[in-house]
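Heads up: the structure comes next, in structure tokens.
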Amino acid sequence: MSLEEKETIELGIIGAGGMGRFYAQRLSKAGWKRVHVCDLPDKYEKLKEDFQDSAINVLPDGFHVSRRCDWIMYAVEAEHIASVVAKYGPATKMGAIVGGQTSVKQPEIDALTKYLPPDVHIVSCHSMHGPGVDPRGQPLVVIRQRATDEKYDLVLKILSCFESNFVHLSAEEHDRITADTQAVTHAAFLSMGSAWKANFQFPWLIPHFVGGIENVKVNVAMRIYSNKWHVYAGLAIMNPIAKVQIAQYARSVADLFKLMIQEKEQEFKARIKAAGEYVFGGLQKDHVPILLSDDILDEFSLSKMPKEQQRQPNSHLSLLAMVDCWYTLRLSPYEHMVCQTPLFRLWMGITEYLFRNPTMLEDSIQAALYRKEIRPDDMEFVTCARGWAESVSLGSMEGYQKRFTETAEYFEDRYSESTILGNNMIAMISKNMGKATNE
Ligand SMILES: NC(=O)C1=CN([C@@H]2O[C@H](COP(=O)(O)OP(=O)(O)OC[C@H]3O[C@@H](n4cnc5c(N)ncnc54)[C@H](OP(=O)(O)O)[C@@H]3O)[C@@H](O)[C@H]2O)C=CC1
Ligand SMILES: O=C(O)C(=O)Cc1ccc(O)cc1
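First residue of the sequence shown: 1, per our numbering; consecutive thereafter.
See the structure below:
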């Protein structure tokens, strides 16, 4: 990267929320001298105040960014991408490169190709993590829709300061993979949260939700509910493939539950064994587990209960159903690790841990079939998984927001604490990333 390029090329970000600010700050810190941001015009004054001590230049709106910048990234809600690009896109500087950061790519690429002038290059991207995560070593998807080699190289140079791993995909490939890595994973955790709420529970007070991999369930669910609903709604509702997978997840949850309440042990075991064999059977002998150990998760607990009194077997219906869903759809989650988010990695980590630990898996099967005192929890989980699947399938952003916000409010007192634990957990699992094979 020549010094001259960093001094002269104008970089612009439309949408100064979590991701827009994260990008602007990183780019500016990496030495790009002309970084511009904007948000909605009525936030202009506030935004100027927020950036008064930085080298980042705040502009009044997307027209100002579009008219002057050589590289532009739209970092707005997926739901609004089409209308925002329709508005500012036609004003894009001749020969500029434009992309978006939304979590679902087909609608974004459709908007960019529809509304940008033909001389404008299109290269989109997607950092597979939230703004609070260290981007080094995390996947960064790059989509070359239409660009000369020279412009494409420039985008890679601009994005190189994140020190992420570039993953080159088409929009379609991206959406297919993220339906599995993100949308279904979120559906499982959203269902856990709403099931706890439906049962008036705080899971850190309940013995079978405490310790080891249970801490991952609780912290990740809290992390999702403390975040912005539109991020999850957008990537689930606007990605048509996500609907199929989320619906199958809910079906797997319900099917397993029906076998559980009839205590059909043989059938239940056979189904879990077949699914487990399909997903984990092909792992090499020297496969390094994603989590390394379940004990290291003990320190990430929101619970104050003493450890000895804590653990009680759980059915792990959410995990059994995930593997059943992958099997039914013949998906291979390990192949999708190239696009992993920290949450997907944690989710895969606990699923792998359960299925590769025969004693724990057997305990979970026995608990699922015969521990009647946890049936109310599993029953609510079934109902909530179905509810979330219906919400996504109906496609109403408003309906999704309502469901999400009701549960988010129930847990809100714990977010400051769970965010710290979640960050530490993600830092731990990211540190272990290089050690695991099969990726
Ligand atoms: N958060 C995450 O973990 C990740 C998010 N993403 C994706 O990145 C995108 C941004 O997410 P995130 O930053 O978290 O969301 P935010 O809600 O924090 O930021 C989006 C910003 O864009 C603004 N905006 C909306 N319309 C316009 C407009 N016409 N002109 C200028 N600004 C506008 C919004 O304003 P207002 O709030 O008033 O609507 C808001 O400030 C989303 O598509 C998301 O899916 C990708 C990776 C990770
Ligand atoms: O890790 C996850 O799945 C998250 O919840 C954070 C996140 C949200 C949206 C994205 O597009 C990428 C990452």
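Think of the CB as a built atom: it goes at the ideal place given N, C-alpha and C, for glycine as much as any other residue.
Just reading off the alpha helix (DSSP H) that residue i is part of, what are its end residues?
i      : result
Asn219 : 213-225
Ile158 : 149-159
Met19  : 18-29
Ser8   : According to the sequence shown, residue 8 is Thr rather than Ser. Note, Thr8: alpha helix (DSSP H), 3-8.
Thr178 : 171-178
When DSSP labels each residue in this structure, what does residue i get in the three-state scheme?
i      : result
Ser332 : coil
Ser191 : helix
Val338 : helix
Ser66  : helix
Leu40  : coil
Ile272 : helix
Asn438 : Here the model assigns Asn438 a pLDDT of 37, short of 50, so the residue's position is not dependable and the matter cannot be decided.
Met73  : strand
His121 : strand
His208 : helix
Ser83  : helix
His287 : coil
His129 : coil
Are residue i and residue j closer than 9 Å when you measure CB to CB?
i      : j      : result
Ser252 : Cys384 : no
Gly12  : Ser66  : yes
Ala254 : Val382 : yes
Pro289 : Tyr353 : yes
Glu319 : Thr351 : It should be pointed out that residue 319 corresponds to Leu in this sequence rather than to Glu. Taking 9 Å as the Cβ cut-off, Leu319 and Thr351 qualify as a contacting pair.
Val231 : Ser103 : yes
Ala171 : Gln106 : yes
Ala442 : Leu317 : In the structure as shown, the chain starts at 1 and stops at 439, and residue 442 therefore has no counterpart that could be examined.
Ile241 : Arg176 : yes
Lys197 : Phe411 : yes
Gly193 : Thr407 : yes
Ile237 : Met397 : yes
Ile143 : Leu169 : yes
Leu112 : Gly89  : yes
Ala195 : Glu380 : yes
Trp71  : Glu108 : no
Hey, quick one: how far does the beta strand (DSSP E) through residue i stretch, first residue to last?
i      : result
Arg146 : 139-146
Phe166 : 165-168
Leu11  : 11-14
Spell out whether any CB of chain B is found under 9 Å from the CB atom of residue i.
i      : result
Ser226 : You won't find chain B in this structure, because it holds only one protein chain.
- Query: Which runs of the alpha helix (DSSP H) spanning at least 4 residues fall entirely within the segment 354-435, listed in chain order?
  - Reply: 358-370, 375-394, 397-411, 415-431
- Query: If you scan the segment 88-117 from start to end, which runs of the beta strand (DSSP E) of 3 or more residues do you find wholly inside it?
  - Reply: 97-100
- For the segment 89-101 and the segment 115-132, state whether three or more C-beta atom pairs, one from each stretch, are separated by less than 8 Å. yes
- Query: At a cut of 8 Å, does the segment 317-324 reach the segment 272-291 through at least three beta carbon pairs?
  - Reply: yes
- At 4 residues or longer, and completely inside the segment 228-253: list those alpha helix (DSSP H) runs for me, N to C. 229-237
- Segment contact flag, the segment 357-372 with the segment 329-344, C-beta cutoff 8 Å, min 3 pairs: no
- Message: Taking contact to mean 3 or more Cβ pairs, one atom from each stretch, closer than 8 Å, check whether the segment 145-163 and the segment 203-219 are in contact.
- Response: no
- Message: Does the segment 68-82 come into contact with the segment 11-28, if we say contact requires no fewer than three beta-carbon pairs (one atom in each stretch) closer than 8 Å?
- Response: yes
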